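Chains as they are written, first to last, in this note's numbering: chain A, 1322 to 1492; chain B, 1322 to 1492.
All C-beta atoms, glycine included, are put in the ideal place defined by N, C-alpha and C.
These numbers were taken from a predicted model, which means no experiment stands behind them.
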DNA sequence: GTTCGATAGTAGGATACCCAACTAAATTGG
DNA sequence: CCAATTTAGTTGGGTATCCTACTATCGAAC
């Protein structure tokens, strides 16, 4: 039995510990620990990022949509294009745009040339918010300040290999 | 299976591309790209792991609960202990145990010494399933076969630094 | 030009997660 | 010994994501 401590923070690395136990039962735990660690880091980082965005009424998912629209040279983007770029399900985009529209940060504009399509366009309020939100995220260094710059780059490259293997992009 | 919408593989790295565009607007994008990449890797890996577990009627979250119970030397664990170890919200554990119980993989057992507490215990069916499920996950190398063993270890250590910075554990 | 398959977006249902608030039970302190 | 606090677990509300299925529209083949 492990002692009952007043822990929010554990006095050991739980994933490390899980890995040890896992090995006793099932064999080498390297892959399992990495997978678990990815899940955990994402959970922590998302909580941190969402926390920083909360004052703006945004989640990281919706922030990403705003950023994408900010980049767009041609201005408004069809919803399908947004989903494709952010690699999320079309229904998730519909939901995100619903909320952003209700917040007055984006606008739906029907495509006159293809009446199936709908563009999403940033409002001036949306432009204002995305700038402030970006500043807030930069302040907390996107929650990756646990790593030095070059380690951030290393981590990015390693994760990139994982994405590629999972079929994220070609070439 | 990454299924949902990735029918479309992009001919470039969308995060790399987003980073470039982001830099033009907001400055150095290293941190932002790493954060985005973590989100994306988690999304892909989780889809892959969930896909492998689907035949067993499990999600990765519920698989983790079963594994934890398998490790436990003392057998049954109180729900609070499970949540603490897996670092998820108590309500998520309640939900997970509800489902696992409905599937006949775990059992709720009231603690006679502390009537607030409830233990979760693996059933024999649960033991059988966790072994098969683990085999299935090992088959796909926990979706991290995009990296060689030593790179997996490097990635794990880098992610560990991120977790520590986010306050995941002490020391 | 009419039919048929593909595409864009949405609606409804499911899962999973978190938070806030609640019930019940144990523990602590005066 | 009883009131106040703490702890364990659950319920209800909100968000995000995915899936299946549907409507509307476009485009192409016959």
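**Item:** Three-pair Cβ contact test at 8 Å for the segment 1378-1389 of chain B versus the segment 1388-1405 of chain A
**Value:** no
**Request:** Say whether chain A places a C-beta atom closer than 8 Å to the C-beta of residue 1374/B.
**Result:** Here residue 1374/B corresponds to residue number 53 of the second chain, with the count starting at 1. So, not an interface residue.
**Request:** Look up residue 1333/A in the DSSP assignment and say whether it is helix, strand or coil.
**Result:** Here residue 1333/A corresponds to residue number 12 of the first chain, with the count starting at 1. In this structure, residue 1333/A counts as coil in the three-state DSSP scheme.
**Request:** Using a Cβ cut-off of 9 Å, pull out every chain A residue sitting near residue 1335/B, in sequence order please.
**Result:** The residue given as residue 1335/B occupies position 14 in the second chain. Here the neighbours are 1405, 1406, 1407, 1408, 1489 and 1490.
**Request:** With a 10 Å radius around its C-beta and 16 neighbouring C-beta atoms as the bar for buried, classify residue 1264/A as buried or exposed.
**Result:** With chain A covering only 1322 through 1492, there is no way to say anything about residue 1264/A.
**Asked** Within 10 angstroms of its Cβ, does residue 1425/A collect 16 or more other Cβ (buried), or is it exposed?
**Response** As a first step, residue 1425/A must be located in the first chain, where it is residue number 104. It counts as exposed.
**Asked** In chain order, what residues of the same chain lie with their CB nearer than 7 Å to the CB of residue 1367/A, ignoring the 5 residues before and after it?
**Response** Along the first chain, read from residue 1 onward, the residue named residue 1367/A stands at position 46. Leaving aside the five residues that flank residue 1367/A on each side, the residues in its chain whose CB is nearer than 7 Å to its CB run, in chain order, 1381.
**Asked** In terms of DSSP beta bridges, what is residue 1308/B paired with?
**Response** The question about residue 1308/B has no answer, for chain B in this structure spans 1322 to 1492.
**Request:** Can you grab the Cα-Cα spacing for the pair residue 1396/B / residue 1376/A, in whole Å?
**Result:** Stepping through the second chain from its first residue, residue 1396/B is reached at position 75. Stepping through the first chain from its first residue, residue 1376/A is reached at position 55. Their backbone Cα atoms lie some 44 Å apart in a straight line.
**Request:** From the DSSP output, read off the bridge partner residues of residue 1399/B.
**Result:** In the second chain, residue 1399/B corresponds to position 78, counting from 1. Looking at the DSSP output, residue 1399/B sits in a beta bridge with 1440/B.
**Asked** Which value, in whole angstroms, describes the spacing of the CA atoms of residue 1453/A and residue 1463/A?
**Response** Counting from 1 along the first chain, the entry for residue 1453/A is found at position 132. Counting from 1 along the first chain, the entry for residue 1463/A is found at position 142. The straight-line gap from Cα to Cα measures roughly 14 Å.
**Item:** Coarse secondary structure for residue 1380/B, derived from DSSP in three states
**Value:** Counted from its first residue, the second chain places residue 1380/B at position 59. Reduced to three states, the DSSP call for residue 1380/B is coil.
**Request:** Under 7 Å Cβ to Cβ from residue 1353/A, same chain only, skipping five residues before and after it: list those, please.
**Result:** Mapped onto the first chain, residue 1353/A falls at position 32. Closer than 7 Å at the Cβ level, and outside the excluded window around residue 1353/A, lie 1340 and 1343.
**Prompt:** By the 10 Å Cβ neighbour count, where 16 or more other Cβ atoms means buried, how is residue 1467/B classified, buried or exposed?
**Reply:** Your numbering for residue 1467/B matches position 146 in the second chain. When all chains shown are included, residue 1467/B counts as buried.
**Request:** Compare the C-alpha of residue 1423/A against each of 1472/A, 1359/A and 1378/A and name the closest.
**Result:** Residue mapping note: residue 1423/A aligns to position 102 of the first chain, counting from 1. Out of 1472/A, 1359/A and 1378/A, 1378/A has the C-alpha closest to the C-alpha of residue 1423/A.
**Request:** Kindly indicate which residue of 1413/A, 1455/A and 1478/A has the alpha-carbon position closest to the one of residue 1370/A.
**Result:** Here residue 1370/A is taken as the residue at index 49 of the first chain, counted from 1. Of the listed residues, the one whose Cα sits closest to residue 1370/A is 1455/A.
**Asked** Is residue 1394/A helix, strand or coil when you go by DSSP?
**Response** Taking the first chain and counting its residues from 1, one reaches residue 1394/A at position 73. Coil, per DSSP.
**Request:** Check each candidate in 1433/A, 1419/A and 1434/A and name the one with the smallest Cα separation from residue 1427/A.
**Result:** For the purposes of this step, residue 1427/A is identified with residue 106 of the first chain, where counting begins at 1. Checked all of 1433/A, 1419/A and 1434/A; the closest Cα to residue 1427/A is 1419/A.
**Asked** Nearest-angstrom Cα distance between residue 1346/A and residue 1459/B?
**Response** As a first step, residue 1346/A is located in the first chain; it is residue number 25 there, counting from the start. As a first step, residue 1459/B is located in the second chain; it is residue number 138 there, counting from the start. Computed Cα separation, rounded: 13 Å.
**Prompt:** On the three-state DSSP scale, how would you describe residue 1452/B?
**Reply:** As a first step, residue 1452/B is located in the second chain; it is residue number 131 there, counting from the start. Here residue 1452/B sits in helix by DSSP.
**Asked** In terms of residues, what are the limits of the alpha helix (DSSP H) holding residue 1497/B?
**Response** Residue 1497/B lies beyond the residue range present for chain B, which begins at 1322 and ends at 1492; the question has no answer from this structure.
**Message:** Could you compute how far the alpha carbon of residue 1337/B sits from the alpha carbon of residue 1469/A?
**Reply:** One-based indexing of the second chain puts residue 1337/B at position 16. One-based indexing of the first chain puts residue 1469/A at position 148. In a straight line, the C-alpha of residue 1337/B is about 19 Å away from that of residue 1469/A.
**Asked** How would you write the range of the alpha helix (DSSP H) that residue 1366/B sits in, first residue to last?
**Response** Locating residue 1366/B in the second chain gives position 45, counting from the first residue. Residues 1351-1374.
**DSSP three-state assignment for residue 1434/B, whether helix, strand or coil** = Here residue 1434/B corresponds to residue number 113 of the second chain, with the count starting at 1. Residue state, collapsed to three classes: coil.
**Prompt:** How far does the alpha helix (DSSP H) with residue 1469/B in it reach, from first residue to last?
**Reply:** The sequence position of residue 1469/B within the second chain is 148, counting from 1. Here residue 1469/B belongs to no alpha helix (DSSP H), and DSSP marks it neither H nor E.
**Asked** How should residue 1496/A be labelled, buried or exposed, when 16 other C-beta atoms within 10 angstroms of its C-beta is the threshold for buried?
**Response** For chain A, the structure presents residues 1322 to 1492; residue 1496/A sits outside this window and is missing.
**Asked** Rounded to a whole number of angstroms, what is the C-alpha to C-alpha distance between residue 1374/A and residue 1485/B?
**Response** In the first chain, counting from the first residue as 1, residue 1374/A sits at position 53. In the second chain, counting from the first residue as 1, residue 1485/B sits at position 164. Whole-angstrom Cα-Cα distance: 22 Å.
**C-beta contact flag for residue 1360/B and residue 1361/A at 8 Å** = Reading the second chain from its first residue, position 39 is the one you call residue 1360/B. Reading the first chain from its first residue, position 40 is the one you call residue 1361/A. Not a contact, by the Cβ cut-off of 8 Å.
**DSSP state of residue 1410/B mapped onto helix, strand, coil** = Working through the second chain from its first residue, we reach residue 1410/B at position 89. Three-state result, residue 1410/B: coil.
**Asked** Is it right to say residue 1415/B is buried, meaning 16 or more other beta carbons lie within 10 angstroms of its own, or is it exposed?
**Response** One-based indexing of the second chain puts residue 1415/B at position 94. With fewer than 16 other Cβ atoms within 10 Å, it is exposed.
**Prompt:** Any Cβ of chain A within less than 8 Å of the Cβ of residue 1440/B?
**Reply:** For the purposes of this step, residue 1440/B is taken as the residue at position 119 of the second chain. Output row for residue 1440/B: interface = no.
**Prompt:** Candidates 1355/B, 1348/B, 1446/B and 1333/B: which alpha carbon is nearest residue 1476/B's?
**Reply:** Sequence index remark: in the second chain, residue 1476/B carries index 155 (1-based). Closest by alpha carbon: 1355/B.
**Prompt:** Where does residue 1480/A fall in DSSP's three states?
**Reply:** In the first chain, the residue the question calls residue 1480/A occupies position 159. In the structure shown, residue 1480/A falls within a helical segment according to DSSP collapsed to helix, strand and coil.
**Message:** Can you pull the chain B neighbours of residue 1457/A, defined as C-beta to C-beta under 7 Å?
**Reply:** On the first chain, position 136 is the one that residue 1457/A refers to. None at all; the shortest Cβ gap to chain B is about 12 Å.
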